[in-house]
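Below: the structure, in structure tokens.
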Amino acid sequence: MSWGGKRTRAGRPKGGISLSTRAILESMNSGGEMPIAYMLRVMRNEKAPDLRRDEMAKAAAAYLHPRIAALPEDPEEAEESEQTWCLRP
1459 MSWGGKRTRA GRPKGGISLS TRAILESMNS GGEMPIAYML RVMRNEKAPD LRRDEMAKAA
1519 AAYLHPRIAA LPEDPEEAEE SEQTWCLRP
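Throughout the sequence shown, residue numbering follows the working numbering, covering 1459 to 1547 in sequence.
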């Protein structure tokens, strides 16, 4: 019996779709509105209350934009990390 490493025919086949992805694709194809499309529609609706539009903008931003990485508080620590990053091959 082998330990670790790649095993033939193990795991999901390439191109296979998980159940959750399949459910999302089926709801999209059936004409249902995707959650992100709903959030953007509410956010762009000028007749909606500003508070609701703000909340939808915050919720949609998590799906559309990456988070900014945390920066070190100490400037010397930041310089050291930049130098070590540049030295790596």
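Think of the CB as a built atom: it goes at the ideal place given N, C-alpha and C, for glycine as much as any other residue.
Distance, residue j Cα to residue i Cα
i     : j     : result
A1518 : G1473 : 28 Å
L1477 : I1526 : 31 Å
K1505 : G1469 : 49 Å
K1464 : P1471 : 14 Å
A1495 : R1502 : 11 Å
S1488 : R1480 : 12 Å
L1522 : R1467 : 35 Å
M1492 : D1508 : 22 Å
W1461 : I1475 : 28 Å
L1483 : G1490 : 10 Å
K1516 : P1524 : 13 Å
Candidates the options: closest to residue i by CA position
i     : options                    : result
V1500 : A1481, L1483, I1482, R1511 : R1511
Rounded distance between the beta-carbons of residue j and residue i, thought under 8 Å
i     : j     : result
M1514 : M1497 : 5 Å
Short CB-CB distance (under 8 Å) between residue i and chain C
i     : result
R1502 : In the structure shown, chain C does not exist; there is a single protein chain.
For a minimum of 4 consecutive residues, which ranges assigned as the alpha helix (DSSP H) are wholly contained in the region 1469 to 1512?
1477 to 1487, 1493 to 1502
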